[in-house]
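First to last, the protein sequences are chains A and B. Per our numbering, the first sequence starts with residue 1, numbered consecutively. Per our numbering, the second sequence starts with residue 514, numbered consecutively. Note that the Cβ used here is the ideal one computed from N, Cα and C, for glycine as well.
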Amino acid sequence: MTRLFISRDSTALSLGAEQVAQTIQAQTKDKHIEVVRNGSRGLYWLEPLIEVETSQGRIAYGPVQPEDVASLLENGLLEGKQHPLCLGNIEELPYFKNQNRLTFARVGLTDPVNLDDYIAHDGYQGLKNALTMQPTDIVKHVTDSGLRGRGGAAFPTGIKWNTVLNAPAEQKYIVCNADEGDSGTFSDRMIMEGDPFVLIEGMTIAGLAVGATQGYIYLRIEYPHAKVALNQAIAAAYQNGYLGENIQGSGKTFHLEVRMGAGAYICGEETSLLESLEGKRGLVRFKPPLPAIVGLFGKPTVVNNVISLASVPVILDKGGEYYRDYGMGRSRGTLPLQLAGNIKHPGLFEVAFGMTLRELLYDYGGGSASGRPIRAVQVGGPLGAYLHEGQFDTPLDYEAFAAISAVLGHGGIVVHDDTVNMADMARYAMEFCVEESCGKCTPCRIGSTRGVEVIDRIVSDVQKDKNTVLLRDLCDTMVFGSLCAMGGMTPYPVLSALNHFPEDFGLQKAAKV
Amino acid sequence: MQDYQSQKPIVLDILDAHRTMPGNLLPILHGIQDTLGYIPPAAVEDIAKALYLSKAEVHGVISFYHYFRTTPPGKHTIRICRAESCQAMNSKALENHAKQTLGVDFHETTSDEHFSLEPVYCLGNCACSPSITIDDEVHGRVTPEKFDQLLAACKGAK
Numbered sequence: 001m002t003r004l005f006i007s008r009d010s011t012a013l014s015l016g017a018e019q020v021a022q023t024i025q026a027q028t029k030d031k032h033i034e035v036v037r038n039g040s041r042g043l044y045w046l047e048p049l050i051e052v053e054t055s056q057g058r059i060a061y062g063p064v065q066p067e068d069v070a071s072l073l074e075n076g077l078l079e080g081k082q083h084p085l086c087l088g089n090i091e092e093l094p095y096f097k098n099q100n101r102l103t104f105a106r107v108g109l110t111d112p113v114n115l116d117d118y119i120a121h122d123g124y125q126g127l128k129n130a131l132t133m134q135p136t137d138i139v140k141h142v143t144d145s146g147l148r149g150r151g152g153a154a155f156p157t158g159i160k161w162n163t164v165l166n167a168p169a170e171q172k173y174i175v176c177n178a179d180e181g182d183s184g185t186f187s188d189r190m191i192m193e194g195d196p197f198v199l200i201e202g203m204t205i206a207g208l209a210v211g212a213t214q215g216y217i218y219l220r221i222e223y224p225h226a227k228v229a230l231n232q233a234i235a236a237a238y239q240n241g242y243l244g245e246n247i248q249g250s251g252k253t254f255h256l257e258v259r260m261g262a263g264a265y266i267c268g269e270e271t272s273l274l275e276s277l278e279g280k281r282g283l284v285r286f287k288p289p290l291p292a293i294v295g296l297f298g299k300p301t302v303v304n305n306v307i308s309l310a311s312v313p314v315i316l317d318k319g320g321e322y323y324r325d326y327g328m329g330r331s332r333g334t335l336p337l338q339l340a341g342n343i344k345h346p347g348l349f350e351v352a353f354g355m356t357l358r359e360l361l362y363d364y365g366g367g368s369a370s371g372r373p374i375r376a377v378q379v380g381g382p383l384g385a386y387l388h389e390g391q392f393d394t395p396l397d398y399e400a401f402a403a404i405s406a407v408l409g410h411g412g413i414v415v416h417d418d419t420v421n422m423a424d425m426a427r428y429a430m431e432f433c434v435e436e437s438c439g440k441c442t443p444c445r446i447g448s449t450r451g452v453e454v455i456d457r458i459v460s461d462v463q464k465d466k467n468t469v470l471l472r473d474l475c476d477t478m479v480f481g482s483l484c485a486m487g488g489m490t491p492y493p494v495l496s497a498l499n500h501f502p503e504d505f506g507l508q509k510a511a512k513v
Numbered sequence: 514m515q516d517y518q519s520q521k522p523i524v525l526d527i528l529d530a531h532r533t534m535p536g537n538l539l540p541i542l543h544g545i546q547d548t549l550g551y552i553p554p555a556a557v558e559d560i561a562k563a564l565y566l567s568k569a570e571v572h573g574v575i576s577f578y579h580y581f582r583t584t585p586p587g588k589h590t591i592r593i594c595r596a597e598s599c600q601a602m603n604s605k606a607l608e609n610h611a612k613q614t615l616g617v618d619f620h621e622t623t624s625d626e627h628f629s630l631e632p633v634y635c636l637g638n639c640a641c642s643p644s645i646t647i648d649d650e651v652h653g654r655v656t657p658e659k660f661d662q663l664l665a666a667c668k669g670a671k
């Protein structure tokens with residue numbers, strides 16, 4: 001029996017992976033083959049990708065279109081033979097080989113919803129260890145690992161867990177923030193579609209660590225394929241005693257459920273997410289009290305991003321030190337970086353912190369897709385600063401980015417070539433804030449509308465200097481007066497565009513601050 | 514628009530199925546929209562009554578979330594991503610082309626009721642921008658030409 005792998009990942013599907021799989025199946029009816037629908041390796045310029053299992057490893061072909069299938073089969077696809085689309089052993093490609101795949105170890109390798117496959121590839125080793133440990137020891141491993149919240153805020157995960165552990169309550173909750181709304185990010189989606197069990201395992205361990213028996217995954221509605229994969233995996237975990245009462249005979253309980261969002265970006269903010277889970281408008285809450293003390297339904301709650309929780313199993317499997325040995329400075333472990341926008345080799349690359357942005361853009365990314373010079377790069381989603389060429393040597397590290405008034409955020413990077421108009425992008429940042437503000441605080445709700453108007457006036461030469469001063473003042477009010485990062489960080493893309501690319505606003509280069 | 518009386522039993526069933534679920538309002542609204550295609554404004558009263566909420570609270574939740582709609586959608590819903598990554602790959606041209614081809618703006622439905630057009634802010638398909646969805650299917654690297662082909666395929670399949 002020959003095993004072929006064709007991805008069920010959204011992006012692979014968006015490029016025709018389903019049609020390729022169907023064509024293969026139709027043309028190999030007389031042969032003894034199995035088509036496994038795996039996650040994606042994340043090398044998206046090569047999708048749809050077919051991998052065939054051979055004695056020389058997994059030989060890959062891509063990008064494959066349905067019309068290529070006949071010629072691939074004629075030339076010995078099933079034996080891993082040569083073809084113009086043949087890429088050789090997928091794991092020997094430098095783009096793949098040079099990564100440090102800790103969190104994404106199984107993504108692209110296994111059948112995402114096959115529990116046996118998960119266990120055969122070191123799955124549930126972390127939980128096995130956690131079941132023999134005291135809650136404080138589990139938390140200690142996570143603290144020792146140096147793991148910081150991968151959703152963007154980079155708050156130490158161990159400290160958050162410890163707070164919930166020490167908050168006395170009858171009921172506590174684990175909430176997974178899977179409302180990955182930042183443009184240029186898709187690592188959460190790839191985990192949920194490509195290895196959902198690792199998230200389930202991470203949440204179960206979190207439950208054991210803090211004494212929570214109920215978990216929710218708050219998933220954005222824009223991810224229908226992730227919903228299917230998660231629900232399939234959760235059902236398999238329940239059936240096999242990995243979720244529910246008496247997990248693996250330990251007497252411990254953990255229930256898990258997927259809840260769908262409804263297209264509100266603000267619900268990626270943790271307190272707004274909790275309101276939404278409670279069935280309300282996603283209005284941001286005042287902090288304190290922290291969700292760790294007063295969270296979902298008023299109970300102590302761990303709210304973590306998908307990647308944070310999915311990094312927990314490897315930490316509990318191999319120990320906090322193993323994870324901590326990757327990275328630089330106070331940024332420990334690995335970050336799944338996502339390259340998107342105008343880039344030749346878009347995709348996901350999980351590497352240790354410390355690589356420079358330039359290495360990522362050119363060595364991995366291969367420069368722009370259009371072949372034109374890269375002019376601006378937005379890191380960290382719609383609330384992240386735009387960086388210019390002179391800043392590309394910044395290492396990918398939380399503190400190094402903070403030092404240049406930028407954020408690393410969730411590791412999403414959107415590339416723009418030299419045709420971009422940065423005044424348009426600044427205006428869009430304000431417009432997005434108008435669209436997505438929850439409306440609770442004035443600087444965000446009104447400031448964003450005024451921001452669009454002021455940028456329009458600057459661009460159309462109405463009292464340019466006065467309005468530029470006004471825009472800076474408005475940004476200042478938003479940064480310091482907003483309740484959450486929505487209003488508080490919208491000025492990052494606006495001011496970085498204004499400071500680094502004043503010419504796009506019709507301002508003198510000398511105005512650069 | 515359909516008469517609410519014919520939809521009411523469906524709404525009541527959905528309410529009943531979620532009676533004991535904590536934080537059940539969003540799952541209920543999803544259930545109604547998944548079944549009927551939208552949330553009939555007349556359903557607000559039934560929802561409010563079942564959940565011991567005011568009608569204003571229920572209406573407030575429906576109107577807060579972009580995804581929920583209170584009018585019937587076209588046969589197919591097309592969502593075009595407006596976010597940065599897609600903009601970097603010329604989604605604005607695609608957006609204009611779609612509006613022109615369909616003869617509608619965002620949040621509108623074509624007069625033949627085949628297509629509703631909605632904006633969306635990121636589909637997580639940023640590695641292959643620009644992206645759109647047609648119903649639950651994601652499509653990447655969508656040029657105006659590819660858009661026309663997808664549209665034709667939709668019309669052919671109906």
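Classify residue i as helix, strand or coil using the three-state DSSP reduction.
i        : result
A/Glu180 : coil
A/Val139 : helix
A/Gln125 : helix
A/Lys512 : Confidence is the limiting factor: at A/Lys512 the pLDDT is only 44, short of 50, which leaves the residue's position unreliable, though a coordinate-based value still follows. Three-state result, A/Lys512: coil.
A/Ala12  : helix
B/Ile593 : strand
A/Met328 : strand
A/Leu87  : strand
A/Leu102 : coil
A/Asn246 : coil
A/Pro288 : coil
A/Asn305 : strand
B/Pro632 : strand
So residue i contacts chain B; which residues on that side make the cut at Cβ distance below 8 Å?
i        : result
A/Asp456 : Within 8 Å Cβ-Cβ: nothing; A/Asp456 doesn't reach chain B, min ~17 Å.
A/Ala426 : None at all; the shortest Cβ gap to chain B is about 12 Å.
A/Met260 : Leu539, Pro540, His543
Taking C-alpha atoms, which residue in the options lies nearest to residue i?
i        : options                                : result
A/Glu298 : A/Leu290, A/Asn305, A/Cys475           : Residue identity differs from the one stated: residue 298 of chain A is Gly in this sequence, not Glu. Looking at the Cα atoms, A/Leu290 is the closest of the given residues.
A/Leu498 : A/Leu483, A/Ala429, A/Phe480           : A/Ala429
A/Gly158 : A/Pro168, A/Val415, A/His141           : A/His141
B/Thr614 : B/Asp529, B/Gln600, B/Ile527, B/Leu630 : B/Leu630
A/Asp372 : A/Pro196, A/Asp325, A/Ile221, A/Tyr362 : As written in the sequence, residue 372 of chain A is Arg, which differs from the Asp given in the question. The shortest C-alpha separation from A/Arg372 is found at A/Tyr362.
B/Asn638 : B/Ser598, B/Asp649, B/Gly587           : B/Ser598
A/Gly251 : A/Asn231, A/Glu278, A/Leu208           : A/Leu208
A/Asn342 : A/Ser272, A/Phe353, A/Arg330, A/Gly365 : A/Gly365
A/Ala426 : A/Ser437, A/Thr442, A/Cys475           : A/Cys475
A/Asp393 : A/Gln248, A/Val415, A/Met355           : A/Met355
Would you mind telling me which residues of chain B sit closer than 7 Å to residue i, beta carbon to beta carbon, in chain order?
i        : result
A/Ile221 : Tyr580
A/Lys280 : Val574
A/Arg189 : Gly637
What does residue i reach in chain A if we use C-beta pairs closer than 7 Å?
i        : result
B/Cys667 : Going along chain A, no residue has its Cβ under 7 Å from B/Cys667, so there is no contact; the nearest lies around 16 Å.
B/Ser598 : Ser183, Gly184, Ala340, Gly341, Val414
B/His652 : Ser14
B/Ser644 : Ser14
B/Pro554 : Correct list: empty, because the minimum Cβ distance to chain A is about 17 Å.
Beta-carbon within less than 7 Å of residue i's beta-carbon, same chain only, minus the 5 sequence neighbours each way: which residues are those?
i        : result
A/Val35  : Leu4, Ile6, Ala21, Ile24, Gln25
B/Ile523 : Thr548, Leu549
A/Ala229 : Pro112, Val113, Met192, Glu193, Pro196
B/Ala596 : Tyr634, Cys635
A/Val434 : Ser448, Thr449, Val452
A/Gln232 : Val113
A/Arg189 : Ser10, Glu180, Tyr223, Ala226
B/Ile541 : Ile527, Leu528, His531, Ile560
For residue i, which residues of its own chain have a beta-carbon under 8 Å away from its beta-carbon, when the five flanking residues on both sides are left out?
i        : result
A/Lys512 : The predicted model places A/Lys512 with a pLDDT of 44, which falls under 50 and marks its position as unreliable, so this point remains unresolved.
A/Thr11  : Ser40, Tyr44, Glu47, Phe186
For residue i, collect the residues of the same chain with a Cβ closer than 6 Å to its Cβ; drop the 5 residues on either side in sequence, then sort them by chain order.
i        : result
B/Thr685 : Only positions 514 to 671 of chain B appear in the structure, and residue 685 of chain B is not among them; the question remains open.
A/Asn467 : Val454, Arg457, Ile458
Could you tell me how far apart the beta carbons of residue i and residue j are, in whole angstroms, since I believe they sit closer than 8 Å?
i        : j        : result
A/Leu256 : A/Ile205 : About 12 Å separates the two Cβ atoms, so there is no contact after all.
A/Gly80  : A/Ile50  : Not quite, the Cβ-Cβ distance comes to about 11 Å (not below 8 Å), so this is no contact.
A/Asn38  : A/Gly126 : Not confirmed; about 22 Å, so no contact.
A/Val284 : A/Lys440 : 5 Å
Just the chain A side, please: which residues come within less than 9 Å of residue i by C-beta, in chain order?
i        : result
B/Tyr634 : Gly181, Ser183, Glu222, Gly263, Tyr265, Pro382, Phe432, Glu435, Glu436
Run down chain B in chain order and give the residues with a C-beta less than 9 Å from the C-beta of residue i.
i        : result
A/Val420 : Gln600, Ala601
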